[in-house]
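To start, the structure itself, in C-alpha cells.
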Amino acid sequence: MKQKSLWLGCLIASLFYTYVSIEMTIFDTLASSIMEAFHFNAIEYSQISSLFLLGMLIFLIPAGMLLDKLPIKNTLLICVICSSLLVGVFAVTHSVIFLKFINFFLGLLGA
1439 MKQKSLWLGC LIASLFYTYV SIEMTIFDTL ASSIMEAFHF NAIEYSQISS LFLLGMLIFL
1499 IPAGMLLDKL PIKNTLLICV ICSSLLVGVF AVTHSVIFLK FINFFLGLLG A
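Add 1438 to the 1-based position in the sequence shown for our numbering, that's all there is to it.
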C-alpha cells in the first residue's frame, strides 16, 4: 500500500510541474490573441504575464520549507485543486486588476 502511495505522490508532482511549465509558456504562445480579445496594450499584458513569475520568485523558498514540513502528496493535491479553480476564475474574468491578482496567486501556487 505504501508503494502505491509513493507512486501516486510522484504522479501528482509530475503532472503538477508539467502543468506549471505549460502555464509559464502559454502566455507567449497566446499573446496576440489575448491582447486582441481583451483589448490590452503591451504594458498591461506584460504586467499580467510577469506577475506569475514574480509570485513564483517570492514563494519559491517558503514553498520548499512547507514541503519539508508537510506531506508532499497532500500539499501538491491542494495546490493542483486551487490552481484549477483559479484558472477557471481567470477564464471568466474581464478585469485587468483581477487578472493580475489571479496570475500572481497562480505563480504562488506554482512555486
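Just so you know, even glycine gets a beta-carbon here, dropped at the ideal spot from N, CA and C.
Classified as buried, V1458 has 16 or more neighbouring CB atoms from the shown chains inside 10 Å of its CB. With contacts defined as CB atoms closer than 8 Å, S1521 and L1492 fail to qualify as a contacting pair.
The three-state reading of DSSP puts P1500 in helix, counting H, G and I together. Between the region 1509-1524 and the region 1474-1488, the count of Cβ pairs shorter than 8 Å is below three; the stretches do not touch.
Within its own chain, the residues whose Cβ lies closer than 8 Å to the Cβ of I1450, once the five positions on either side in sequence are excluded, are K1511, L1514, L1515, V1518, listed in chain order.
When the alpha-carbon of S1533 is set against those of L1444, H1477, L1446, the nearest one is in H1477. F1490 is not a Cβ neighbour of G1526, given a cutoff of 8 Å.
By the neighbour-count criterion, in which 16 or more other beta carbons inside 10 Å mark a residue as buried, F1543 falls on the buried side. As for any alpha helix (DSSP H) of minimum length 4 sitting wholly inside the region 1487-1536, the runs are 1510-1530, ordered along the chain.
Beyond the five residues adjoining it in sequence on each side, I1540 comes within less than 8 Å, by CB distance, of L1524, V1527, F1528, T1531 in the same chain, given in chain order.
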